[in-house]
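Comments concern the structure below.
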Amino acid sequence: LMVLIGAALIAVSGCKKDDPKDETPPVIEISKPVENDLYLITDFIEFSGRFSDDEELDRVEISLVYLGQVSPTEGRLKDTGAWEPQQVITLTGAAQNFQDYKLFNMAIPDRTYGYFKLRFELFDKEGNSSVKEVIISIS
129 LMVLIGAALI
139 AVSGCKKDDP
149 KDETPPVIEI
159 SKPVENDLYL
169 ITDFIEFSGR
179 FSDDEELDRV
189 EISLVYLGQV
199 SPTEGRLKDT
209 GAWEPQQVIT
219 LTGAAQNFQD
229 YKLFNMAIPD
239 RTYGYFKLRF
249 ELFDKEGNSS
259 VKEVIISIS
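Position one of the sequence shown corresponds to residue 129 (this note's numbering), numbered consecutively onward.
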């Protein structure tokens with residue numbers, strides 16, 4: 129009986145504790161575009177920046193959300209509907225850099241005017257996330 133108890137104690141004490149869960153959110157650094165950048169129809173929206181995590185990145189979800197359009201004659205917001213593309217980029221490793229990366233795989237289409245929120249939501253492999261937003265305008 130003592131041998132069995134001793135073997136059980138050795139087995140329990142030899143068990144490795146689970147690694148602590150990663151709860152640190154990933155980091156988004158944006159150098160381009162900057163707040164209030166102006167784009168023209170047929171331009172590409174280019175992104176420069178860095179995504180990083182203390183463990184491993186998973187993906188970034190990027191969206192462009194229409195905020196409204198100022199009417200030059202009436203000086204008020206008009207909701208006319210707008211281009212609102214989305215993109216998901218799969219990431220690997222603990223850090224990835226982007227330089228002049230053309231977002232949404234297309235140029236800004238005709239009839240796209242107004243203020244937009246460019247939203248980046250970054251996820252690591254554990255499901256932690258961070259969000260950064262930049263307001264831009266298109267005319």
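Each residue gets a CB set at the ideal place from its N, CA and C atoms; glycine is no exception.
All values derive from a computational prediction rather than experimental measurement.
Buried versus exposed call for residue i [16 or more other C-beta atoms within 10 Å across all chains shown]
| i | result |
| --- | --- |
| residue 218 | exposed |
| residue 252 | buried |
| residue 220 | exposed |
Pairwise C-alpha distance: residue j and residue i
| i | j | result |
| --- | --- | --- |
| residue 166 | residue 157 | 20 Å |
| residue 187 | residue 247 | 14 Å |
| residue 152 | residue 238 | 41 Å |
| residue 250 | residue 154 | 7 Å |
| residue 185 | residue 148 | 18 Å |
| residue 197 | residue 254 | 39 Å |
Integer Cβ distance of residue i from residue j, believed to fall under 8 Å
| i | j | result |
| --- | --- | --- |
| residue 161 | residue 192 | Their Cβ separation, rounded to whole angstroms, is 11 Å, which puts residue 161 and residue 192 out of contact at 8 Å. |
| residue 257 | residue 223 | That belief does not hold up - the Cβ atoms of residue 257 and residue 223 are roughly 16 Å apart, past 8 Å. |
| residue 189 | residue 150 | Their Cβ separation, rounded to whole angstroms, is 19 Å, which puts residue 189 and residue 150 out of contact at 8 Å. |
Neighbourhood of residue i by C-beta, 8 Å cutoff - its chain only, sequence neighbours within 5 removed
| i | result |
| --- | --- |
| residue 236 | 167, 168, 169, 170, 171, 172, 173, 211 and 266 |
| residue 128 | Shown here, the chain extends from 129 to 267; a query on residue 128 therefore has no answer. |
| residue 233 | 215 |
beta-carbon residue i near the ligand ATP non-hydrogen atom, thresh 7 Å
| i | result |
| --- | --- |
| residue 254 | This structure does not include the ligand ATP; it has no bound ligands of any sort. |
Residues of its chain near residue i, where Cβ-Cβ distance is below 6 Å and the 5 sequence neighbours each way are ignored
| i | result |
| --- | --- |
| residue 175 | 226, 229 and 231 |
Local conformation of residue i per DSSP, three classes
| i | result |
| --- | --- |
| residue 185 | strand |
| residue 231 | helix |
| residue 222 | coil |
| residue 156 | strand |
| residue 178 | strand |
| residue 167 | strand |
| residue 252 | strand |
| residue 193 | strand |
| residue 243 | strand |
Same chain only: Cβ atoms within 7 Å of residue i, ignoring 5 sequence neighbours per side
| i | result |
| --- | --- |
| residue 159 | 176 and 177 |
| residue 260 | 156, 158 and 248 |
| residue 295 | Outside the displayed span of the chain (129 to 267) sits residue 295, for which this structure offers no information. |
CB contact below 8 Å: residue i versus chain B
| i | result |
| --- | --- |
| residue 250 | Annotation note: the requested chain B is absent from the structure, which comprises a single protein chain. |
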